[in-house]
Structure formats: C-alpha cells, structure tokens
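Asker: For reference, the structure I am asking about is given below.
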Amino acid sequence: MIAIFLSRHHLPQYPFIFPARMSKFLKEHIEFYRQFRSHFQTTGAIAPSGRFLAKAIIKPMANRDEPARILEVGPGTGSFTKQIVKQLRPGDQFDLVELNDAFADMLNHLFETDPSFQQWSSQSKVHVCPIQEFESDEPYDYIISGLPMNNFSPEVVTEIYEAFERLLKPRGVLTYFEYMCVRPIRRVVSTPNERTRIREIDEVISNYLGRYRFRKNWVFANVPPAWVQHLQFTDA
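With this note's numbering applied, the sequence shown covers 1163 to 1398.
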C-alpha cells in the first residue's frame, strides 16, 4: 500500500517496494537464519554481514594493479562475495571455501544465474570442505575470512590460522572481522568451562595479531559493530 503514495521520482529511494529484490533479500536472510539454527558453531551470526563491513573487508584488494589470486573462506550466503566480484579483473583466480552445503549451493547458483557473478564463473570455483583440508597448487595474494573464530575450540582456531599461513603468499594479506567485545562479554556471562575456552581462544588470536597485524579498522555501521583485522605473515 505504501507504494501507491510514491511518485515515480521517489521509487529508486525505496528498494524495498520491488518484489524481486525483496524476494532475493528475504530468501538470503531466511536461509542464513535457518543455517544459523542448524549449524550455529560454523555459522556464528544470526544474519549476513552488512555492506559497510563488506566494503571494509575487501578494501586491501581494491587497490591493486596486477591480476591476483583471491581466496574467500566461509562466504556463507555471499555478503562479502558480492563485493569481491565487483573487484575481479581478467586474469584473477577466485576460490571460495565453504563448509556448509546449503551455502555452497547458493553460491554456485549465483555464479550460474546472477549476471554480476556469471561473467567471472570461469575464473571462480566453490570448494566444499574445511579450510584445514583445502589444498591449492599456488598460494594466494588475498585471503578474506568470515569464519566465526569465537565459536571454535582453541585447537581448531590454531589450525585455521596455520591454514591461512600455509595458503597465503609471503607478502599476501589476510583480512577477517570479529564482532567488538564479544570475547570479554562472554568471559563474564559464560560457564567456567566456556570462560576457559574463550580465554584460550583469545590467547591464540592475540598472539597472531601481535605478531602479524598491520592494520585494524572499526566498522560501527554494522549489527553488531565489528573490527576488521589485516595481517601479513612476515616478521620483517
């Protein structure tokens, strides 16, 4: 009914009144929530990340001159992927590693049907496996991760970082996000065993950030607000 009172001039300001666009938006969020309920440990969030966070995540790869090898880990329904494909160029190789079969199917569907994805389908591939088991013939210039580190055991977090280090070029960039203040809050409100797990995860993450982080961004225009961490695995 709202659309009746809008002039044609105003329509572009209200994308929610376009049925096809709304249907796609709802389908993505409903599927994300369904997977969150079924696979909380590996999904980690109740809704896909916002566009401001997505743009901050892909910023390192936006300022490049040469073709690049790009790896996205834990793309989910494609919040970051949509921004990554906008930055792809001829000669790039884009690999996506997703553990969740339903999300992998959604991503493959995008590469088959969405024009912005289709043009890069020959340079892109979705792999369904844990990142710890993923093998590549060549390392990557950029790794972008959406994995919910706070949901894993300290051992798995260590394995994931080791996989990142194995798969990244010496001067390559790893970028990932984490929601602000999640670990400090969970240490206060959790059970003793959970507090121990969170503390040990924090030790692993802090060690890697202390050694390899070269930049940190704040994204307040996200629900919840997030930090974006940028790392290079070099001690030089």
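Glycine is no exception: its CB is placed at the ideal position from the N, C-alpha and C atoms.
Taking 9 Å as the cut-off, decide whether the C-beta atoms of Glu1327 and His1289 are in contact.
Answerer: no
Asker: Could you pull the DSSP bridge partners for Trp1380 from this structure?
Answerer: Partner(s): Trp1389.
Asker: Could you pull out every residue in the same chain whose Cβ sits closer than 7 Å to the Cβ of Gln1294, ignoring the five residues on either side in sequence?
Answerer: Glu1321, Ile1322 and Ala1325
Asker: Quick check: the Cα distance between Met1268 and Ser1278, rounded to an integer number of angstroms?
Answerer: 15 Å
Asker: Tell me the rounded alpha-carbon separation between Leu1258 and Val1350.
Answerer: 35 Å
Asker: Using alpha carbons as the reference points, say which of Asp1276, Gln1245 and Leu1250 lies closest to Phe1214.
Answerer: Taking only the C-alpha atoms, the option nearest Phe1214 is Gln1245.
Asker: Over what stretch of residues does the alpha helix (DSSP H) that includes Gly1238 continue unbroken?
Answerer: Here Gly1238 belongs to no alpha helix (DSSP H), and DSSP marks it neither H nor E.
Asker: Would you check if the distance between the CB atom of Pro1386 and the CB atom of Tyr1338 is smaller than 9 Å?
Answerer: Contact annotation: Pro1386 and Tyr1338 have beta-carbon atoms that are not nearer than 9 Å.
Asker: Measuring alpha carbon to alpha carbon, tell me which of Arg1251, Ile1305, Cys1343 and Asn1270 ends up nearest Leu1329.
Answerer: Ile1305
Asker: Between Leu1269 and chain B, is the shortest Cβ-Cβ distance under 9 Å, so that the two count as touching?
Answerer: Within the model displayed, chain B is absent; a lone protein chain is all it includes.
Asker: Going by C-alpha distance, which of Thr1243, Gln1249 and Gly1240 is nearest Glu1228?
Answerer: Gln1249
Asker: For Ala1398 and Val1366, what's the separation of their Cα atoms in angstroms?
Answerer: Any reading at Ala1398 needs caution, since the residue's pLDDT is 48, under 50, leaving its predicted position unreliable; the model's value is listed next. Cα-Cα distance, rounded: 21 Å.
Asker: So for Phe1279, helix, strand or coil by DSSP?
Answerer: For Phe1279, the secondary structure class from DSSP, reduced to helix, strand or coil, is helix.
Asker: Among Asn1312, Gln1255 and Ala1230, which residue has its Cα nearest to the Cα of Cys1113?
Answerer: There is no way to answer for residue 1113, as the model of the chain reaches only from 1163 to 1398.
Asker: Once DSSP output is grouped into helix, strand and coil, what is the label at Thr1358?
Answerer: helix
Asker: For Asn1144, does the count of other Cβ atoms within 10 angstroms reach 16, so buried, or fall short, so exposed?
Answerer: This structure gives no information on residue 1144, because the portion of the chain shown stretches from 1163 to 1398.
Asker: In three-state terms, what does DSSP make of Thr1337?
Answerer: strand
Asker: Tell me the DSSP bridge mates of His1289?
Answerer: Residue pairing of His1289 in beta bridges, as defined by DSSP: Val1259.
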